[in-house]
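**Q** Provided herewith is a single structure, encoded as C-alpha cells, for subsequent inquiry.
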Amino acid sequence: MLSRESVNSASSGFWMKSIGHLVVLSSLFCLISGYSERDRVNDLMSRYPLIDGHNDLALQLRILHNNRLSQVDLYNISKVSTDITRLQAGHVQAQMFAVYVLCRAQDKDAVRLTLEQIDVIRRMCTEYQDFELVTSAEELRNSEMRHKIACLISIEGGHSIDSSLPALRMFYQLGVRSMTLTHSCNTPWAESSSKLYNVFQRQNNSLTHFGKAVVEEMNRLGMIVDLSHTAWDTASAALKHSKAPVIFSHSSSFSVCSHGRNVPDWLLLDLKKNRGLIMVNIHNNFVSCSNKANISHVADHFDHIKKVIGAESIGIGGDFEGAVGFPQGLEDVSKYPALIQELLLRNWTENELADVLRKNFLRVFEEVERVRDQLTMNRPSEFQIALEEVQNPCRLVLRPPSPRGSSHQSPSSGAQHEPKVMLILAIVLLLSSLLMFE
Numbered sequence: 055m056l057s058r059e060s061v062n063s064a065s066s067g068f069w070m071k072s073i074g075h076l077v078v079l080s081s082l083f084c085l086i087s088g089y090s091e092r093d094r095v096n097d098l099m100s101r102y103p104l105i106d107g108h109n110d111l112a113l114q115l116r117i118l119h120n121n122r123l124s125q126v127d128l129y130n131i132s133k134v135s136t137d138i139t140r141l142q143a144g145h146v147q148a149q150m151f152a153v154y155v156l157c158r159a160q161d162k163d164a165v166r167l168t169l170e171q172i173d174v175i176r177r178m179c180t181e182y183q184d185f186e187l188v189t190s191a192e193e194l195r196n197s198e199m200r201h202k203i204a205c206l207i208s209i210e211g212g213h214s215i216d217s218s219l220p221a222l223r224m225f226y227q228l229g230v231r232s233m234t235l236t237h238s239c240n241t242p243w244a245e246s247s248s249k250l251y252n253v254f255q256r257q258n259n260s261l262t263h264f265g266k267a268v269v270e271e272m273n274r275l276g277m278i279v280d281l282s283h284t285a286w287d288t289a290s291a292a293l294k295h296s297k298a299p300v301i302f303s304h305s306s307s308f309s310v311c312s313h314g315r316n317v318p319d320w321l322l323l324d325l326k327k328n329r330g331l332i333m334v335n336i337h338n339n340f341v342s343c344s345n346k347a348n349i350s351h352v353a354d355h356f357d358h359i360k361k362v363i364g365a366e367s368i369g370i371g372g373d374f375e376g377a378v379g380f381p382q383g384l385e386d387v388s389k390y391p392a393l394i395q396e397l398l399l400r401n402w403t404e405n406e407l408a409d410v411l412r413k414n415f416l417r418v419f420e421e422v423e424r425v426r427d428q429l430t431m432n433r434p435s436e437f438q439i440a441l442e443e444v445q446n447p448c449r450l451v452l453r454p455p456s457p458r459g460s461s462h463q464s465p466s467s468g469a470q471h472e473p474k475v476m477l478i479l480a481i482v483l484l485l486s487s488l489l490m491f492e
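Take the working numbering: the last position of the sequence shown gets the number 492, and nothing is skipped along the way.
Written out as C-alpha cells, the structure is:
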C-alpha cells in the first residue's frame, strides 16, 4: 500500500509536469500563431492605454527653448525623453503635465512663473491636433474614444499659490486639476520630504491650519491632492483630513528603496483606507537607490506595493523630464510596454494591469469629482494665512495713502521729517550770517 507521502509526492509531480506541459504548449501556440508576448502587451495597452501621472516636459521647454513653441516640433524633440511620436509608441493616452517653478521663486515671482508654465501647457495641448486639454474624468474618457492624447495640468509645489486660496481657485479656472502640497522646499503651511532648503522650519512637520484649509478647498473645487514630495507626517495629516481620495503622482516604495521621497508601508496602508493611488516613479535613484537601474528594479516596487495594498491602488508616474537617469530599457516614454511585459512575466493578470494602466486613476478622478459635487453648497473659503506665518516682504499691506497736509500723522512720520526741518533751519542761519558780514 502506498503511503500518504508517496501519494502526495506523486500528485505533486503530476501537477508540476502538467503545468510544465501547459507552458510548453502555450509557447508552441504563440510560435505557431505568431502571437508573441510583445503582441499581447500591445493588445492590452491598445485596449487600456496608459494614464501617466507625472511628466515635466513643460520645464524642459522653458530650460531649452524659453517656452518658445514656435522653435519646437512636438512630434520630434531632441534632448528630451518625451514627444508626441514617442507618447503614441508607448501607448500613453493621457499625460499629467507638471507645472513646476523653482523653490527659489517662493516669496518672489512664483505665481507669475506658474502662470507662464500653465500657458505653455495650454498652448501645446491646443495647438497640436494629437493633444487635447481635458479638465474632467468624462473629457478624459471621451479623449480616448477620439484617439487623442489627453493633457491634464498639475501644479508641482504648493509654493506656486503663494499661500493664497484665491490664487488656488484661479489656477483651477485655468484648467489645473491636481497640485502637490510641496516640492523640495517647505511652504508656510506644509513640510517637504527634502531638507535641501532651510525655510519655514517649525516644531512639527505636519499640516498647519491653513494647510488643512488648502486641502479642504481642493476637495471643494474637485482638484486632486497630490502628496509626492511631502514629508510623511504631512502626507499622513492630508490623508486623514481629505474627504476625497488622494494620489502620490510619482513616488515609489520605501521598503524596496529607502529614499526619503518614497512611501513607507504604514503610509501605504493609510492610502488604501483613503481609496487613493500611488503612481510608481521610475527614476533610478528612487527605484534602486543608485545611479543605475533596470526594469526588474522597477517591477520590484510594483510587486511589493501590490503585496501590501493591492493592484487597485497602483498607477504609473514616470517623472520623465523631471529627473536625470532612468532604468535600462525604460529610457523614454516609448518604452512603457517593456515594463508591462515584465509585469506580465511576473504573473500579473491583465485585469490587474488594466487597473494600473488607467482604471485606477479614472476611479480616483471620478471620486474626487463626486466629493466636489457633494460640497457644491459650500461657499469658497475665505481663510487667510497670518502675515507672520508667511514672512513675505513682497506682500503689500493695503492702506490708503495719507492726504497731503493731513494733521493725522503718526508720531513716527513727524520724527522722520524732523531732521529735514533742522537741516533747513541750519542752512537759513548760515546764509543769514554770511549776509551780515557782506
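Even glycine gets a Cβ: it sits at the ideal position worked out from N, Cα and C.
Remember, it's a predicted structure, so these values are computed and weren't measured experimentally.
Could you spell out the range, first to last residue, of the beta strand (DSSP E) harbouring residue 332?
**A** Walking along the sequence shown from the start, residue 332 turns up at place 278. From DSSP, the beta strand (DSSP E) with residue 332 extends over 331 to 334.
**Q** Going by C-alpha distance, which of 332, 337 and 437 is nearest residue 110?
**A** Within the sequence shown, the letter at position 56 stands for residue 110. Cα-wise, what sits closest to residue 110 is 337.
**Q** Specify the secondary structure class of residue 254 as computed by DSSP and reduced to three states.
**A** Your numbering for residue 254 matches position 200 in the sequence shown. Of the three classes helix, strand and coil, the one that applies to residue 254 here is coil, per DSSP.
**Q** Considering residue 231, what are the terminal residues of the beta strand (DSSP E) in which it resides?
**A** For the purposes of this step, residue 231 is identified with residue 177 of the sequence shown, where counting begins at 1. Run containing residue 231: 230 to 234, per the beta strand (DSSP E) assignment.
**Q** What span of residues does the alpha helix (DSSP H) with residue 507 cover, start to end?
**A** This structure leaves residue 507 out entirely; the chain is present only between 55 and 492.
**Q** Any contact between the stretch 111 to 130 and the stretch 347 to 358? By contact I mean 3 or more CB pairs, one from each, below 8 Å.
**A** No, the stretch 111 to 130 is not in contact with the stretch 347 to 358.
**Q** With a CB to CB cut of under 7 Å and the five nearest residues on each side skipped, what residues in its chain are close to residue 366?
**A** Walking along the sequence shown from the start, residue 366 turns up at place 312. Correct list, in chain order: 409 and 414.
**Q** So, at 7 Å on beta carbons, what are the nonlocal neighbours of residue 397 in its own chain, with the 5 sequence-adjacent residues on each side left out?
**A** Position 343 of the sequence shown, counted from the start, is the residue given in the question as residue 397. Excluding residues within five positions, the ones whose Cβ falls inside 7 Å are 353, 356 and 407.
**Q** Could you check the C-alpha separation between residue 322 and residue 261 for me, to the nearest Å?
**A** Taking the sequence shown and counting its residues from 1, the one referred to as residue 322 is at position 268. Taking the sequence shown and counting its residues from 1, the one referred to as residue 261 is at position 207. One C-alpha to the other measures close to 19 Å.
**Q** Does the beta-carbon distance from residue 372 to residue 331 come in below 8 Å?
**A** Here residue 372 refers to the residue found at position 318 when the sequence shown is read from its first residue. Here residue 331 refers to the residue found at position 277 when the sequence shown is read from its first residue. No, Cβ-Cβ distance for residue 372 and residue 331 is not below 8 Å.
**Q** Taking the continuous beta strand (DSSP E) assigned at residue 207, which residues delimit it?
**A** Here residue 207 refers to the residue found at position 153 when the sequence shown is read from its first residue. Here the beta strand (DSSP E) through residue 207 covers 203 to 210.
**Q** DSSP beta-bridge partners for residue 150?
**A** Within the sequence shown, the letter at position 96 stands for residue 150. For residue 150, which the question treats as bridged, DSSP gives the partners 206.
**Q** Below 8 Å between beta carbons: does that hold for residue 187 and residue 176?
**A** By 1-based counting over the sequence shown, the position of residue 187 is 133. By 1-based counting over the sequence shown, the position of residue 176 is 122. Yes, Cβ-Cβ distance for residue 187 and residue 176 is below 8 Å.
**Q** Just tell me which of 246, 300 and 272 has its CA closest to the CA of residue 283.
**A** Your numbering for residue 283 matches position 229 in the sequence shown. Cα-wise, what sits closest to residue 283 is 246.
**Q** Under 8 Å: do the stretch 300 to 308 and the stretch 274 to 289 share three or more Cβ pairs, one atom per stretch?
**A** The stretch 300 to 308 vs the stretch 274 to 289: in contact.
**Q** CB-CB under 7 Å to residue 118, same chain, minus the five flanking residues each way: which ones, in chain order?
**A** On the sequence shown, residue 118 is found 64 positions in, with the first residue counted as 1. For residue 118, where only same-chain residues beyond five positions count, the Cβ hits under 7 Å are 133.
**Q** Among the candidates 248, 204, 164 and 286, whose CA atom is the shortest distance from the CA of residue 217?
**A** The count along the sequence shown starts at 1 and reaches residue 217 at position 163. Of 248, 204, 164 and 286, the residue nearest in Cα terms is 164.
**Q** Taking residue 393 as part of the alpha helix (DSSP H), name the residues at either end of that continuous run.
**A** Position 339 of the sequence shown, counted from the first residue, corresponds to residue 393. Residues 390 to 399.
**Q** Do residue 211 and residue 244 come within 8 Å of each other at the CB atom, strictly closer than that value?
**A** Counting from one through the sequence shown, the residue named residue 244 turns up at place 190. Counting from one through the sequence shown, the residue named residue 211 turns up at place 157. Cβ atoms of residue 244 and residue 211: not closer than 8 Å.
**Q** Distance check for residue 224 and residue 106, CA to CA, integer angstroms please.
**A** Within the sequence shown, residue 106 is the residue found at index 52, counting from 1. Within the sequence shown, residue 224 is the residue found at index 170, counting from 1. Cα to Cα, residue 106 sits roughly 25 Å from residue 224.
**Q** Thinking C-alpha only, which one of 434, 116 and 329 is nearest residue 363?
**A** As a first step, residue 363 is located in the sequence shown; it is residue number 309 there, counting from the start. Considering only alpha carbons, the answer is 329.
**Q** In angstroms with no decimal places, state the Cα-to-Cα distance between residue 199 and residue 256.
**A** Numbered from 1 along the sequence shown, position 145 holds the residue referred to as residue 199. Numbered from 1 along the sequence shown, position 202 holds the residue referred to as residue 256. So the two alpha carbons sit approximately 49 Å from each other.
**Q** Going by the CB atoms, is the gap between residue 305 and residue 315 shorter than 8 Å?
**A** Counted from its first residue, the sequence shown places residue 315 at position 261. Counted from its first residue, the sequence shown places residue 305 at position 251. Going by C-beta atoms, residue 315 is nearer than 8 Å to residue 305.
**Q** Considering residue 374, what are the terminal residues of the alpha helix (DSSP H) in which it resides?
**A** In the sequence shown, the residue the question calls residue 374 occupies position 320. Residue 374 -> no alpha helix (DSSP H), and no H or E assigned at all.
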